[in-house]
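Reading through the structure tokens given below for one structure.
Number of protein chains: 2
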Amino acid sequence: MNTLAEENYLKSIYHLSLNAESVSTNQMAALLNTKASSVTDMLKKLAEKELINYTPYQGVTLTAPGEKIAINIIRKHRLWEFFLVEKLNFKWDEVHEMAEEMEHISSNELIDRLDKFMGFPKYDPHGDPIPDCDGKFKTHDLKPVSAIDVNAGGVICGVRDHSPAFLQYLEKQGLTIGKQICVTDIIEFDRSMVLKMENKTVQISREVANNLLITL
Amino acid sequence: MNTLAEENYLKSIYHLSLNAESVSTNQMAALLNTKASSVTDMLKKLAEKELINYTPYQGVTLTAPGEKIAINIIRKHRLWEFFLVEKLNFKWDEVHEMAEEMEHISSNELIDRLDKFMGFPKYDPHGDPIPDCDGKFKTHDLKPVSAIDVNAGGVICGVRDHSPAFLQYLEKQGLTIGKQICVTDIIEFDRSMVLKMENKTVQISREVANNLLITL
DNA sequence: TAAAAAATTTAGACAAACCTAAATATTTTA
DNA sequence: TAAAATATTTAGGTTTGTCTAAATTTTTTA
Ligand SMILES: [Mn+2]
Ligand SMILES: [Mn+2]
Ligand SMILES: [Mn+2]
Ligand SMILES: [Mn+2]
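From first to last, the protein sequence lines stand for chains W and X. Quick note on the numbering used here: the first sequence kicks off at 18 and runs consecutively. Quick note on the numbering used here: the second sequence kicks off at 18 and runs consecutively.
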């Protein structure tokens, strides 16, 4: 099928496309921890296979077949993360690197059975939606905590930053998926936010508030 | 750590070493579906890393570190096969290729937790022993059915041939791991064997008898 | 035990996926 | 709107793991 490198490039293009019309060479190089010239080489190869639309200097978008492959990789990534947390008791900050490897196991039959084995979960441990075997999924409508006002609140349903450092911090504060929060104050000096939770109050920086997502 | 190709070579050397003092270049080329010259290149590389003992023209053996790596790959292979059969309901003839990929997932913590999740199984779906996290395992003392006499018998505990064709054939005849059998007759003409099982009788060729293993 | 046959290694290439440095195109800014 | 700055591509290499063809070593056989 496709090589591991090709799969990682397609997945990166998909992720970066969520925040912009088209994706630039440098964006990809930064995300993939590689050099712009290496990205250009791969873009030519993916364009040759008609998995991306590529015009030199103008950035790239996925074609329909390219997007299908990208979504399938993401499906595998998230299902394996769910497995690692729910069945093998890993913490949500420990699973990403393992899933980066496991997402390349090729069998679709395997992943469909894994999906069934776990009861067709809809969201991964970080709150991200898991595409079904046809690539369909719905995102709930999320807002960063930083975007809501005093006395408003909601349920924590996702994170923007998936780094272990951030996830560990949230865990320690009890700010995990499914928790109800309410903003009780915004400190004028640095715009940090005071959150009321079921049985305690925590104060988070603007930076943290930007990366913590809730549903209203 | 080691590349996927290196791991596959080490594993092959381990498997071939079970039937001979040292392993030849051509044996490896046949098993790995590659050319002898490619094998020579890799042997130099593995010798450089001190994972094998290699004298040109004289074949190879694993060093202690090389064997440790090989056994760990085999541990992963067999645990994933067990998972696929016991948890995802694959048949024993369907899992080998998937496990060939999964055995290269690098995390040992993952495999140790998988082991625990499944209750520390001792044998894989084909009857092969699963090394524990220290690389230790014991093989039960097996004989091919072809080596036993009329009126002798035992319990099916392994296979020598892991091909889907052979495994499917055994499945169809009910000759699966754990079944009790007894040799009731050996046909003089072609030395095929008649086996009595719990509630039926089957006749198998010499070829099949050579590849079916039992404990006495 | 010397030739023939077989096994193995060496030499020289190639594709994939990277890299650095140089060239070129695009965008920003004065 | 022309420099300057930035982004991207091209040119030329490297490493890994493969290949074919040729050379060499070992084993078999007559
Ligand atoms: Mn992840
Ligand atoms: Mn995730
Ligand atoms: Mn197997
Ligand atoms: Mn097996």
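For each residue, glycine too, the CB sits at the ideal point set by N, CA and C. Note that the coordinates shown come from a computational prediction; the quantities given were computed from them, not determined experimentally.
Just tell me which of the options has its CA closest to the CA of residue i.
i, options, result
"residue 66 (chain X)", "X:170, X:79, X:55, X:222", "X:79"
"residue 30 (chain W)", "W:68, W:20, W:19", "W:68"
"residue 103 (chain X)", "X:132, X:32, X:122, X:220", "X:132"
"residue 75 (chain X)", "X:92, X:60, X:41, X:138", "X:41"
"residue 191 (chain X)", "X:220, X:77, X:20, X:38", "X:220"
"residue 203 (chain X)", "X:44, X:222, X:187", "X:222"
"residue 39 (chain X)", "X:22, X:70, X:47", "X:70"
"residue 146 (chain W)", "W:91, W:127, W:183", "W:91"
"residue 77 (chain X)", "X:100, X:119, X:32", "X:32"
"residue 189 (chain W)", "W:207, W:208, W:123, W:217", "W:217"
"residue 195 (chain X)", "X:215, X:128, X:34", "X:215"
Cα separation between residue i and residue j?
i, j, result
"residue 58 (chain X)", "residue 52 (chain X)", "10 angstroms"
"residue 87 (chain W)", "residue 197 (chain X)", "49 angstroms"
"residue 141 (chain X)", "residue 135 (chain W)", "22 angstroms"
"residue 193 (chain W)", "residue 143 (chain W)", "9 angstroms"
"residue 55 (chain X)", "residue 105 (chain W)", "39 angstroms"
"residue 130 (chain X)", "residue 113 (chain W)", "16 angstroms"
"residue 63 (chain X)", "residue 72 (chain X)", "12 angstroms"
"residue 156 (chain W)", "residue 84 (chain X)", "48 angstroms"
"residue 213 (chain X)", "residue 200 (chain X)", "6 angstroms"
"residue 82 (chain X)", "residue 98 (chain X)", "25 angstroms"
"residue 153 (chain W)", "residue 89 (chain W)", "10 angstroms"
"residue 168 (chain X)", "residue 37 (chain X)", "32 angstroms"
"residue 118 (chain X)", "residue 123 (chain W)", "8 angstroms"
"residue 93 (chain X)", "residue 210 (chain W)", "47 angstroms"
"residue 20 (chain X)", "residue 148 (chain X)", "21 angstroms"
"residue 46 (chain W)", "residue 159 (chain W)", "28 angstroms"
"residue 182 (chain W)", "residue 224 (chain W)", "13 angstroms"
"residue 205 (chain W)", "residue 101 (chain W)", "41 angstroms"
"residue 44 (chain X)", "residue 151 (chain W)", "44 angstroms"
"residue 178 (chain W)", "residue 49 (chain W)", "16 angstroms"
"residue 207 (chain W)", "residue 170 (chain W)", "20 angstroms"
"residue 34 (chain X)", "residue 180 (chain X)", "20 angstroms"
"residue 128 (chain W)", "residue 128 (chain X)", "18 angstroms"
"residue 26 (chain X)", "residue 26 (chain W)", "29 angstroms"
Return no unless some Cβ of chain W is closer than 8 angstroms to the Cβ of residue i.
i, result
"residue 118 (chain X)", "yes"
"residue 184 (chain X)", "no"
"residue 106 (chain X)", "yes"
"residue 90 (chain X)", "no"
"residue 115 (chain X)", "yes"
"residue 222 (chain X)", "no"
"residue 137 (chain X)", "no"
"residue 99 (chain X)", "no"
"residue 96 (chain X)", "no"
Is there a C-beta anywhere in chain X that falls below 8 angstroms from the one on residue i?
i, result
"residue 18 (chain W)", "no"
"residue 131 (chain W)", "yes"
"residue 45 (chain W)", "no"
"residue 123 (chain W)", "yes"
"residue 68 (chain W)", "no"
"residue 127 (chain W)", "yes"
"residue 154 (chain W)", "no"
"residue 134 (chain W)", "yes"
Using 10 angstroms around the beta-carbon of residue i, count the other beta-carbons present and answer buried if the total reaches 16, otherwise exposed.
i, result
"residue 61 (chain X)", "exposed"
"residue 115 (chain X)", "buried"
"residue 96 (chain W)", "buried"
"residue 139 (chain W)", "exposed"
"residue 126 (chain W)", "exposed"
"residue 28 (chain X)", "buried"
"residue 22 (chain X)", "exposed"
"residue 187 (chain X)", "buried"
"residue 18 (chain W)", "exposed"
"residue 137 (chain X)", "exposed"
"residue 226 (chain W)", "buried"
"residue 120 (chain W)", "buried"
"residue 24 (chain W)", "buried"
"residue 184 (chain W)", "buried"
*Touch check for the segment 158-167 of chain X and the segment 96-114 of chain X: three-plus C-beta pairs under 8 angstroms?*
no
*Count the CB pairs spanning the segment 213-233 of chain W and the segment 167-174 of chain W that are closer than 8 angstroms, and state whether there are at least three.*
yes
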